[in-house]
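Residue numbers (full-length UniProt numbering): 1 to 64.
Glycine included, C-beta positions come from ideal geometry on N, C-alpha and C.
Below: one structure, written as structure tokens.
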């Protein structure tokens with residue numbers, strides 16, 4: 001995970017994807033959350049943003 005502190009804030013570098021199929025957009029909802037979000041994940045060192053989203057989708061973290 002790539003992160004750093006600036007004053008009283010912590011910044012975590014992450015990537016998200018907007019995935020369309022016909023008129024639909026892929027969203028996911030984490031168990032216990034009330035909101036839906038785009039597929040995303042925290043970027044690892046030397047990882048491209050697209051690789052992050054692919055890894056998160058392959059790990060199934062967004063589809064529990």
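Fill in: residue 30 (DSSP reduced to helix, strand or coil)
DSSP places residue 30 in the coil class of the three-state scheme, outside both helix and strand.
Worksheet item: Are there 16 or more other CB atoms within 10 angstroms of the CB of residue 18, so buried, or fewer, so exposed?
Response: exposed
Worksheet item: Given 8 Å as the limit, is there contact between the segment 2 to 15 and the segment 44 to 51, that is, 3 or more CB pairs closer than that?
Response: yes
Worksheet item: In this structure, what does DSSP give as the bridge partners for residue 25?
Response: DSSP, once it has assigned bridges, lists 20 as partnering residue 25.
Practice prompt. Spatial neighbours of residue 35 within its chain, please: CB distance less than 8 Å, with the 5 preceding and 5 following residues excluded, ordered by chain position.
Written response: 29
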